[in-house]
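**Q**
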Amino acid sequence: MMYRELRSHIISLLNANTRLDGRNFTEYRNPIEVEQGIIKTAEGSARVKIGETEIIVGVKLEVGEPYPDTPDEGTIIVGAELLPMSNPEFELGPPGIQAIELARVVDRGIRESKALDFKKLCIAKGEKIWMVIIDICPINDAGNLFDASSLAALAALQDTKYPEFDGEKVDYKKKTDKKLKLEKTPIAVTVIKIGDKFIVDPDIEEEKVVDARLTVSSIEDGTLCAMQKGGDYPLTIAEIDQMIKIGIEKGKELRKIL
Amino acid sequence: MSKIIVSDKSIAVPGETLATGMDILPGAGTYREGEKIVANRLGLAMVDGRTIKLLPLAGRYIPKTGDTIICKVIDVSFSGWRLDTNSAYSAMMSMKDATSEFIQRGANLTQYYDLGDYVVCKIVNVTSQKLIDVSMKGPGLRKLKGGRTIEVDPNKVPRIIGKQGSMVTMIKDATRCSITVGQNGLVWILGDPMSELLAIEAIKKIEKESHLSGLTDKIKEFLEKSIKH
């Protein structure tokens, strides 16, 4: 265990009902800011700040061929690149486990909640579809990239407008007024377990000593749509139930910001 | 003829000629180029008799012999420990300098200092190649148990410590926290949760307002007000 001292300090704080920065267990850092339309060249973009964590997400729309098994459905592609500028522990090169997991958690939240109706992304059955490409780019990693990224991805999708398409070529210089329609708003909340306590929105120190984490994505009516478990320790069913409950509850709170 | 061009406490930029003449000496942050003394970095030029030095306004820590610093253990090797000094260079602590205890041949070195541990140590030597040797032998040099470490601007450390440690003593007394400030910009704090937060807030306030005069009174007022609440 690399961070034995830090871990025992954090646990003693948790037992005293507080955290490193004095927050409650289920309190997000302040302020949470969402800013849309920050990149002109992207079809949709957003910047999200949770405390000192800052994420930029850009959405591009491309015309491509559908997959053979779903000829009348568009698709989404989520990519994340963890820039060394955002955290000294990140390194350049092909995406590592962390970056892939981040992209997949965001992807799954949007895909499984059916936030985008893939059928509506179809232009010509079996020939042409819209591909929604979502790129996640952390500017500063001060903890909790999962929640910030999925919030930013959703905000960027909300902001997305179709470019002009004449059946042959896409003119990215001209945007139409037609917006990408979001059917649902899946919000991801990561609940982490340290010792026997559950907390949300970990900062960078708390992330170092996580026992287990569960990212819970839920939609407006509180329906669970995606989950991702991480960390080295197992979770019992009762614990998972409790984490889901916290996740859905905090999700409702976060949704008000959008 | 020697001539000092800059006035005391004025801002100098890298490459700026601060003075000319061989009887003026270049201090920290400056260098001599022929007759001229030229600034190395951005900072306040301080004229002290015949020497000119530059107080940097910002920047990373540069290791200096005799500094007491807080380091993190990043590697355990055959003959000692490698430490992260919060600067561009890592330091080496040999077994001989690590503890006054006898270390058996082939002993497990992690029982003394393990990866990720923080220690207070003193720089005994910095070579021109910036190889750093540190020692744990001396008063107040120890392994830090519990508590938390925060990072501040190394250039603001003198303000956080204050004259003869007045500032840091004031925070210690007001918050009843143990605080150790390393010259390299790492500060270790241990106390009960709420006072730790208050101590951090006070330190951040000093960092932010370090250029203002009457800082000690301001911090005193801030601490007194916060403790009442």
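Heads up: the protein sequence lines correspond to chains A and B, in order.
Residue 1 is where the first sequence starts when you use this note's numbering, and the numbers rise one by one after that.
Residue 1001 is where the second sequence starts when you use this note's numbering, and the numbers rise one by one after that.
Cβ coordinates follow ideal geometry from the N, Cα and C atoms, glycine included.
Note that the structure is predicted; figures quoted are calculated from it, not measured.
1) Using a Cβ-Cβ cut-off of 6 Å (strictly less than) and excluding sequence neighbours within five positions of A/V48, which residues of its own chain qualify?
2) Use the C-beta contact count for A/M261: other C-beta atoms within 10 angstroms, 16 or more gives buried, fewer gives exposed.
3) Put A/L92 into one of helix, strand or coil per three-state DSSP.
4) In chain B, which residues lie less than 8 Å from A/S8 when you measure between Cβ atoms?
5) Please confirm if the stretch 239–254 of chain A is in contact with the stretch 1006–1013 of chain B, defined as three or more CB-CB distances below 8 Å between the two stretches.
6) Can you tell me the Cβ-Cβ gap for A/F146 and A/V63, rounded? I've got them flagged as a contact below 8 Å.
7) What are the boundary residues of the beta strand (DSSP E) that B/M1022 is part of?
8) Within 8 Å (strictly less), CB to CB, does B/G1116 reach chain A?
9) Using beta carbons (cut-off 8 Å, strictly below), is A/G259 in contact with chain B?
10) Following the continuous beta strand (DSSP E) through A/S217, name the residue where it begins and the one where it ends.
11) Which word fits B/D1008, buried or exposed, when buried means at least 16 other C-beta atoms lie within 10 angstroms of its C-beta?
12) Does A/P66 pass the burial test, meaning 16 or more other C-beta atoms within 10 Å, or should it be called exposed?
13) Using 10 angstroms around the beta-carbon of B/F1078, count the other beta-carbons present and answer buried if the total reaches 16, otherwise exposed.
14) CA-CA distance, B/V1152 and B/E1035?
15) Less than 8 Å separating the beta-carbons of A/E43 and A/V59?
16) Assign B/S1213 to one of three DSSP states: helix, strand, or coil.
17) Got a sec: which bits of the stretch 1193–1215 of chain B sit with their beta carbon under 8 Å from any beta carbon on chain E, in order along the chain?
18) Along the chain, where does the beta strand (DSSP E) containing A/P71 start, and where does it finish?
19) Is there a Cβ of chain B sitting closer than 8 Å to that of A/I13, yes or no?
20) Determine the closest residue to B/W1188 out of B/A1019, B/S1087 and B/G1146, with distance taken between C-alpha atoms.
21) Does the beta carbon of A/R4 sit closer than 8 Å to a beta carbon anywhere in chain B?
22) So that I know if they touch, is there some Cβ in chain B lying closer than 8 Å to that of A/L92?
23) What are the residues of the stretch 111–136 of chain A that lie near chain B, defined by any Cβ-Cβ distance shorter than 8 Å?
24) Check distances from the C-beta atoms of the stretch 13–39 of chain A to those of chain B and list, in chain order, the residues that come in under 9 Å.
25) Please list the terminal residues of the continuous beta strand (DSSP E) segment that includes A/A188.
26) On the three-pair Cβ rule with 8 Å, is the stretch 159–176 of chain A touching the stretch 204–223 of chain A?
27) For the alpha helix (DSSP H) that B/G1116 lies in, which residues bound it at each end?
28) Note down, in chain order, each residue of its chain lying with its Cβ closer than 6 Å to the Cβ of B/T1238, except the 5 sequence neighbours on either side.
29) With A/D135 as the anchor, note down where its beta strand (DSSP E) starts and where it stops.
30) Just checking, does the stretch 12–26 of chain A make contact with the stretch 218–230 of chain A on the three C-beta pairs under 8 Å criterion?
31) When you compare each of B/L1186, B/I1062 and B/D1067 to B/I1203 by their alpha carbons, which one comes out closest?
32) Just to confirm, is the Cβ distance from B/D1084 to B/S1090 under 8 Å?
33) Looking only at its own chain, which residues have a Cβ that is under 6 Å from the Cβ of A/A212, when we skip the five neighbours before and after it?
34) According to DSSP, which residues form a beta bridge with A/V320?
**A** Once the coordinates are examined:
1) Excluding sequence neighbours, A/V48 sits near V34, I55, A148, L151 and A152.
2) This structure gives no information on residue 261 of chain A, because the portion of chain A shown stretches from 1 to 258.
3) Look at A/L92 here: in three-state DSSP terms it is coil, with no helix or strand label.
4) Chain-order list of chain B residues neighbouring A/S8: G1146, by C-beta distance under 8 Å.
5) No contact exists between the stretch 239–254 of chain A and the stretch 1006–1013 of chain B.
6) No, A/F146 and A/V63 are not in contact; Cβ-Cβ is about 31 Å, not under 8 Å.
7) Counting along the chain, B/M1022 sits inside no beta strand (DSSP E), nor does DSSP assign it H or E at all.
8) Taking 8 Å as the threshold, the shortest C-beta distance from B/G1116 to chain A falls below it.
9) Since the first residue of chain A shown is 1 and the last is 258, residue 259 of chain A is not available in this structure.
10) Where A/S217 is concerned, the enclosing beta strand (DSSP E) stretches over A212 to S218.
11) The residue in question, B/D1008, is exposed, as its Cβ has fewer than 16 Cβ neighbours within 10 Å.
12) With 16 or more neighbouring CB atoms inside 10 Å of its own CB, A/P66 falls in the buried class.
13) That one is exposed.
14) Between the C-alpha atoms of B/V1152 and B/E1035 there is a straight-line separation of about 37 Å.
15) Cβ atoms of A/E43 and A/V59: closer than 8 Å.
16) B/S1213 sits in coil when the DSSP states are folded into three classes, being neither helix nor strand.
17) Protein chains in the displayed structure are A and B, and chain E is not among them.
18) Counting along the chain, A/P71 sits inside no beta strand (DSSP E), nor does DSSP assign it H or E at all.
19) Residue identity differs from the one stated: residue 13 of chain A is Leu in this sequence, not Ile. True, the Cβ-Cβ gap to chain B drops below 8 Å.
20) Considering only alpha carbons, the answer is B/G1146.
21) Yes, A/R4 counts as interfacial toward chain B.
22) No - not a single Cβ of chain B is within 8 Å of the one on A/L92.
23) Close to chain B, meaning a Cβ-Cβ distance shorter than 8 Å, is no residue of the stretch 111–136 of chain A at all.
24) Cβ contacts with chain B: L13, A16, N17, T18, R19, L20, D21 and G22.
25) Per DSSP, the continuous beta strand (DSSP E) segment holding A/A188 begins and ends at I187 to I194.
26) Fewer than three pairs of CB atoms, one per stretch, sit closer than 8 Å, so the stretch 159–176 of chain A makes no contact with the stretch 204–223 of chain A.
27) From DSSP, B/G1116 is part of no alpha helix (DSSP H); its letter is neither H nor E.
28) No information on residue 1238 of chain B is available, as it lies outside the stretch 1001 to 1229 that chain B covers here.
29) Boundaries of the beta strand (DSSP E) harbouring A/D135: K128 to N140, taken from the DSSP string.
30) Result no; under three Cβ-Cβ pairs closer than 8 Å.
31) Looking at B/L1186, B/I1062 and B/D1067, the one whose alpha-carbon comes closest to that of B/I1203 is B/L1186.
32) Less than 8 Å separates the beta-carbon of B/D1084 from that of B/S1090.
33) The answer, listed in chain order, is K193, G231, Y233 and L235.
34) Examination of residue 320 of chain A is not possible in this model, given that chain A is present from 1 through 258 alone.
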